[in-house]
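At position 161 of the sequence shown the residue is numbered 161 (full-length UniProt numbering), and the sequence of numbers has no breaks.
All C-beta atoms, glycine included, are put in the ideal place defined by N, C-alpha and C.
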Amino acid sequence: MAAVVSSSSAAQKSSWFSGLPPSYSYFCHHTSYTACTWKSCFFPHNLGSKNSLRRLLTIHPISSHGVVPSTCKSLVLQRRLSVFARSAINSQVADGPKVQEVQVTISGHPYPIYIGHGILSEIEILKRHIKGKSVLLITNSKVSSLYMDQIAASLDRIVDAINLEVIILPEVERSKWKENVFKVVDKAAEAKMDRTTTFIGLGGGVINDICGFSAAVYEGGVNFIQIPTTLTAQVDVAVADETGIYHLLDKQTICSYYEPECVIVDTNTLKTLPDKQLISGIAEIIKFSLVRDGIFLRWLKDNMETLLARGPNIMTYAIRRSCEIKADILSVDSQRGQIRDVLSLGRTFGHAIEITMEPREWLHGEALAVGIVMALDLAHRLDWIDDTVLIDAIVAMERAHLPTALPAYISKEILLQNLSLSNGGHPSLALPKGPAGNCVFTSSYDKEHFDAMLDFFCLGRRE
Ligand SMILES: NC(=O)c1ccc[n+]([C@@H]2O[C@H](COP(=O)([O-])OP(=O)(O)OC[C@H]3O[C@@H](n4cnc5c(N)ncnc54)[C@H](O)[C@@H]3O)[C@@H](O)[C@H]2O)c1
1 MAAVVSSSSA AQKSSWFSGL PPSYSYFCHH TSYTACTWKS CFFPHNLGSK
51 NSLRRLLTIH PISSHGVVPS TCKSLVLQRR LSVFARSAIN SQVADGPKVQ
101 EVQVTISGHP YPIYIGHGIL SEIEILKRHI KGKSVLLITN SKVSSLYMDQ
151 IAASLDRIVD AINLEVIILP EVERSKWKEN VFKVVDKAAE AKMDRTTTFI
201 GLGGGVINDI CGFSAAVYEG GVNFIQIPTT LTAQVDVAVA DETGIYHLLD
251 KQTICSYYEP ECVIVDTNTL KTLPDKQLIS GIAEIIKFSL VRDGIFLRWL
301 KDNMETLLAR GPNIMTYAIR RSCEIKADIL SVDSQRGQIR DVLSLGRTFG
351 HAIEITMEPR EWLHGEALAV GIVMALDLAH RLDWIDDTVL IDAIVAMERA
401 HLPTALPAYI SKEILLQNLS LSNGGHPSLA LPKGPAGNCV FTSSYDKEHF
451 DAMLDFFCLG RRE
């Protein structure tokens with residue numbers, strides 16, 4: 001027997017699922033279930049014989065990631081295919097190569113992301129991507145004590161007479177200020193590093209943004225490698241054509257469109273990551289699944305326990321699939337048009353929640369999780385998604401111990417103010433639409449449903 005939701009969220013759960021068809025209500029109102037109950041809830045028909053499945057796959061071939069084609073209109077058939085697809089993913093996960101690669105092609109400078117367990121000591125990767133004989137390693141006090149020796153040892157083995165300089169920035173939150181960029185640039189200049197130098201960022205998103213921005217401006221742009229060590233940075237910062245630091249007036253003011261030479265994601269580094277940081281990254285992963293791949297969403301839900309335990313193969317697949325989804329979307333929108341706006345799913349509400357809170361009360365991913373649930377709820381009210389999308393996403397989040405409701409002190413007025421909607425306006429939003437894995441970015445939705453959704457979240461009222 002597996003617990004579906006934590007008992008602490010029982011009150012919230014009962015309000016959430018009221019009014020849904022009896023089978024779902026059955027599932028949702030029981031804190032534990034058997035595989036059999038689950039199956040009878042969601043899969044009224046069994047998988048069928050091998051032959052009928054084979055015939056089905058010939059008519060509707062599924063992609064290597066188990067994406068069921070839209071030619072398959074029947075819901076029952078789609079479910080049969082998706083169960084098959086998830087087992088296909090599981091065999092890929094079990095038999096995947098040690099180092100997996102995702103190619104990112106957003107602009108004229110394509111780069112690879114290498115993902116695997118224990119790959120920091122794979123010196124071939126560093127050897128391939130370090131240019132010149134000087135390296136500036138940029139890290140912070142926390143991460144340096146955990147992983148710097150490993151990198152230094154690998155560098156030592158690959159480059160003869162390498163000039164390795166290290167800068168260790170203080171481990172303070174929100175340290176993406178220009179002062180830290182100047183510390184990096186000063187260090188490189190003092191060491192007389194020239195244009196052939198390579199900067200390496202070892203740490204979370206903050207360190208990797210400082211590294212990327214410093215590399216973009218030093219000597220007009222030098223080679224740089226990202227080694228992200230938080231889950232958020234591994235799935236989000238790793239796939240980006242933009243790197244920036246904070247300005248007091250606006251987060252986006254100081255940035256550069258500059259891409260790394262490569263990104264190295266070692267899932268082993270997640271072992272030391274605090275749980276809260278890990279689940280914040282899982283919120284991003286759930287977002288990617290909702291934006292592009294419904295099978296991935298259900299796979300995440302089924303494998304959440306192993307993901308939380310940082311199971312190496314499961315983690316590698318989840319990171320790889322997230323990077324592929326983001327890379328796919330950015331590659332078709334290299335001019336920064338509106339296609340990539342679907343990646344803002346949950347972010348508008350999440351941001352409004354974050355600025356209401358005390359610093360450090362919630363991490364970004366936790367606010368994002370609630371923002372995603374609000375977007376899902378609105379899409380469900382608009383009849384744009386069916387119950388399964390809503391339920392699968394919420395169950396995945398609850399299994400990850402992510403919040404799915406607003407803290408009681410956030411009122412509708414505060415939220416509207418933070419959404420900058422005091423004049424009765426409504427924001428453009430990324431909203432799920434259609435089967436799981438489809439999202440649109442739009443301002444064309446029924447505003448009454450928007451208000452009803454806010455009432456539900458802020459006042460706990462569901463009509
Ligand atoms: N460039 C982009 O496209 C992009 C995209 C998303 C986010 N970001 C930026 O990323 C930043 C957030 O990144 P983050 O969530 O990684 O936060 P972070 O960089 O602040 O890291 C979080 C904490 O985890 C610690 N840490 C890092 N790796 C660790 C490990 N393996 N074990 C133990 N502790 C570890 C860090 O020292 C830090 O205290 C924000 O500044 C955000 O703007 C940039």
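Any heavy atom of ligand 1 closer than 6 Å to the beta-carbon of residue 180?
In terms of side-chain proximity, the C-beta atom of residue 180 is found no nearer than 6 Å to any non-hydrogen atom of ligand 1.
Under the criterion of a Cβ to heavy atom distance below 6 Å, does residue 277 qualify as lining ligand 1?
For ligand 1, at least one heavy atom lies less than 6 Å from the Cβ of residue 277.
Can you give me the Cβ contacts of residue 320 inside the same chain, cut-off strictly under 7 Å, excluding the 5 residues immediately before and after it?
Closer than 7 Å at Cβ, skipping near neighbours: 100, 102 and 115.
If we call anything under 7 Å between Cβ atoms a contact, is residue 268 one with residue 132?
No, Cβ-Cβ distance for residue 268 and residue 132 is not below 7 Å.
To the nearest angstrom, report how far apart residue 446 and residue 356 are at their CA atoms.
If I take the Cα positions, the gap works out to 26 Å.
Test item: CB-CB of residue 213 and residue 232 under 7 Å
Against a cut-off of 7 Å, the Cβ pair of residue 232 and residue 213 comes out as no contact.
At the level of alpha carbons, what is the spacing between residue 47 and residue 450?
Confidence at residue 47 is low in this model, with a pLDDT of 42, below 50, so its placement is unreliable and no value can be given for it.
Bridge partners - residue 201, DSSP secondary structure assignment:
Per DSSP, 138 and 226.
Alpha-carbon to alpha-carbon, residue 276 and residue 146
Between the alpha carbons of residue 146 and residue 276 lies a gap of roughly 18 Å.
Report yes if the C-beta of residue 326 is less than 6 Å from at least one heavy atom of ligand 1; otherwise report no.
Every heavy atom of ligand 1 is 6 Å or more from the Cβ of residue 326, so no.
Terminal residues of the beta strand (DSSP E) in which residue 266 lies
Note, residue 266: beta strand (DSSP E), 262-266.
By how many angstroms is the C-alpha of residue 390 removed from the C-alpha of residue 434?
Each residue's alpha carbon lies about 11 Å from the other.
Is any heavy atom of ligand 1 found at a distance shorter than 6 Å from the C-beta of residue 300?
Checking the Cβ of residue 300 against ligand 1 gives no.
Terminal residues of the continuous beta strand (DSSP E) containing residue 116?
For residue 116, the uninterrupted beta strand (DSSP E) run begins and ends at 111-116, by DSSP.
Pair every Cβ in the region 363-370 with every Cβ in the region 320-330, then say whether three or more of these pairs are closer than 8 Å.
Taking a cut-off of 8 Å for Cβ pairs, the region 363-370 and the region 320-330 do not touch, as fewer than three such pairs fall below it.
Are at least three pairs of beta-carbons, each pair with one atom in the region 292-304 and one in the region 348-362, less than 8 Å apart?
Contact between the region 292-304 and the region 348-362 is absent, with fewer than three C-beta pairs closer than 8 Å.
Is the beta carbon of residue 527 less than 7 Å from the beta carbon of residue 134?
In the structure as shown, the chain begins at 1 and stops at 463. Residue 527 is therefore absent and cannot be evaluated.
Taking 6 Å as the limit between beta carbons, can you name the residues of its chain near residue 322, skipping five residues before and five after?
235, 285 and 288.
Count the other C-beta atoms from every protein chain shown that fall within 10 angstroms of the C-beta of residue 95, then say buried if there are 16 or more, exposed otherwise.
Only exposed fits residue 95, as fewer than 16 other CB atoms lie within 10 angstroms of its CB.
For residue 396, collect the residues of the same chain with a Cβ closer than 7 Å to its Cβ; drop the 5 residues on either side in sequence, then sort them by chain order.
Around residue 396, the same chain offers 286, 297, 300, 301 and 304 as residues with beta carbons nearer than 7 Å, after the five sequence neighbours per side are excluded.
In chain order, what residues of the same chain lie with their CB nearer than 8 Å to the CB of residue 254, ignoring the 5 residues before and after it?
Sequence-distant partners of residue 254 (beyond 5 residues in either direction) whose C-beta falls short of 8 Å from its own C-beta, in its chain, are 178, 213, 244, 245, 246 and 247.
Please check the pair residue 158 and residue 126, which I expect to be a contact at CB under 8 Å, by giving their CB distance rounded to whole angstroms.
Going by Cβ atoms, the distance from residue 158 to residue 126 rounds to 6 Å, so yes, they are a contact pair.
Just tell me which of 411, 258, 385 and 183 has its CA closest to the CA of residue 457.
From the listed residues 411, 258, 385 and 183, the smallest Cα separation to residue 457 is found for 411.
Three-state class that DSSP yields for residue 165 in the structure shown
Shown here, residue 165 sits in a strand according to DSSP, grouped into three states.
Nearest by alpha-carbon distance to residue 165: which of 139, 143 and 444 is it?
Relative to residue 165, the option among 139, 143 and 444 whose CA is nearest is 139.
Could you check whether the Cβ of residue 127 sits closer than 6 Å to any heavy atom belonging to ligand 1?
In this structure, the C-beta of residue 127 stays at least 6 Å away from each heavy atom of ligand 1.
Which residue spans inside the UniProt domain "3-dehydroquinate synthase C-terminal" (281-411) form an unbroken alpha helix (DSSP H) run of at least 4?
Within the UniProt domain "3-dehydroquinate synthase C-terminal" (281-411), the complete alpha helix (DSSP H) runs of at least 4 residues are 294-302, 304-308, 312-331, 347-354, 364-381 and 387-399.
Just the Cα atoms here: how many angstroms apart are residue 407 and residue 149?
For residue 407 and residue 149, the distance between alpha carbons rounds to 42 Å.
Can you have a look at residue 326 and say buried or exposed, based on whether 16 or more other CB atoms are within 10 angstroms of its CB?
With 16 or more other Cβ atoms within 10 Å, it is buried.
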